[in-house]
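Chemist: So the sequence shown is residues 121 to 295, counted in the working numbering.
Cβ atoms here follow ideal geometry from the backbone N, Cα and C, with glycine treated the same way.
The structure under discussion is supplied below as structure tokens; questions concerning it will follow.
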Amino acid sequence: MNRIQLLPLGEVALTLLAALQKGLTKEFAAACEILPSEPDPSYAWNVRRQQYSSTEILAALAARQIPLDARLLAVTPFDLFIPILTFVFGEAQLDGRCAVVSAFRLRQEFYGLPSNHELLASRLVKESAHELGHTLGIAHCDDYGCVMAPSHAVEWIDLKRTSLCESCRGLVQAR
121 MNRIQLLPLG EVALTLLAAL QKGLTKEFAA ACEILPSEPD PSYAWNVRRQ QYSSTEILAA
181 LAARQIPLDA RLLAVTPFDL FIPILTFVFG EAQLDGRCAV VSAFRLRQEF YGLPSNHELL
241 ASRLVKESAH ELGHTLGIAH CDDYGCVMAP SHAVEWIDLK RTSLCESCRG LVQAR
């Protein structure tokens, strides 16, 4: 992966996108560009659940022309789900070229706490690096501090580093 394309789906603050761009460029040593924002992905809205299907968003992303040396990461402020889980922070194609992440449940306000932009940006970088790691063929890691460790709650994200562990980094370098 030489390039990461960030695609805002819905209104995503430019300061948040800039922090994400900086963090992902550092972690993956890849150029990271912010694409023009696109509207609410209404095609993925599930009326019954009152959430957006990350799987449907991922399918729409996969249908795009993505440069061979790039990964496409959609960033959205909307709540995401997959049918077997109440919510997801993101979803990616394992060993594919696209992923989606949501800032919705990464915000302190979701938990009734005061806004914290720095914490939100940190969480978003970690989850984005996690999903991009999946696009590079990396499965979940047993090192709870590794960005590739699974996160079933926001507190687990806070325990992670923003980087891959040595083992996972070796998997990326071996590609």
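(1) Just list the residues that DSSP pairs tyrosine 172 with in beta bridges.
(2) CB asparagine 122 to CB aspartate 189, shorter than 7 angstroms?
(3) Assess contact between the segment 264 to 274 and the segment 233 to 240, defined as three or more Cβ pairs (one per stretch) separated by less than 8 angstroms. Is contact present?
(4) Below 8 angstroms on the Cβ atoms is my contact criterion, and I expect glutamate 247 with glycine 210 to pass it. Report the Cβ-Cβ distance as a whole number of Å.
(5) What residues in its chain sit with their C-beta under 8 angstroms from that of arginine 225, if we drop five residues either side in the sequence?
(6) For serine 162, is the classification buried or exposed, using 16 other Cβ atoms within 10 angstroms of its Cβ as the cut-off for buried?
(7) Sort out for me which residues DSSP pairs glycine 210 with in a bridge.
(8) Given glutamate 229, which residues of its chain have a CB within under 8 angstroms of its CB, disregarding the five upstream and five downstream residues?
(9) Going by the CB atoms, is the gap between valine 167 and valine 195 shorter than 7 angstroms?
(10) Output yes or no for whether 7 angstroms exceeds the beta carbon distance between arginine 191 and threonine 255.
Modeler: So, to answer that:
(1) Position 52 of the sequence shown holds residue 172. Tyrosine 172 is bridged to Trp165, Leu200.
(2) By 1-based counting over the sequence shown, the position of residue 122 is 2. By 1-based counting over the sequence shown, the position of residue 189 is 69. In contact: asparagine 122 and aspartate 189 (Cβ atoms closer than 7 angstroms).
(3) no
(4) Taking the sequence shown and counting its residues from 1, one reaches residue 247 at position 127. Taking the sequence shown and counting its residues from 1, one reaches residue 210 at position 90. Yes, they are in contact, since the Cβ atoms of glutamate 247 and glycine 210 sit about 5 angstroms apart, within 8 angstroms.
(5) Here residue 225 corresponds to residue number 105 of the sequence shown, with the count starting at 1. Counting only Cβ-Cβ distances below 8 angstroms, and skipping sequence neighbours, we find Asp199, Phe207, Phe209, Val274.
(6) As a first step, residue 162 must be located in the sequence shown, where it is residue number 42. Exposed, since its Cβ has fewer than 16 Cβ neighbours within 10 Å.
(7) Position 90 of the sequence shown, counted from the first residue, corresponds to residue 210. According to DSSP, glycine 210 bridges with Val221.
(8) By one-based count along the sequence shown, residue 229 stands at place 109. Closer than 8 angstroms at Cβ, skipping near neighbours: Ser235.
(9) Indexing the sequence shown from 1 puts residue 195 at position 75. Indexing the sequence shown from 1 puts residue 167 at position 47. Contact: no.
(10) Taking the first residue of the sequence shown as 1, we reach residue 191 at position 71. Taking the first residue of the sequence shown as 1, we reach residue 255 at position 135. Yes, Cβ-Cβ distance for arginine 191 and threonine 255 is below 7 angstroms.
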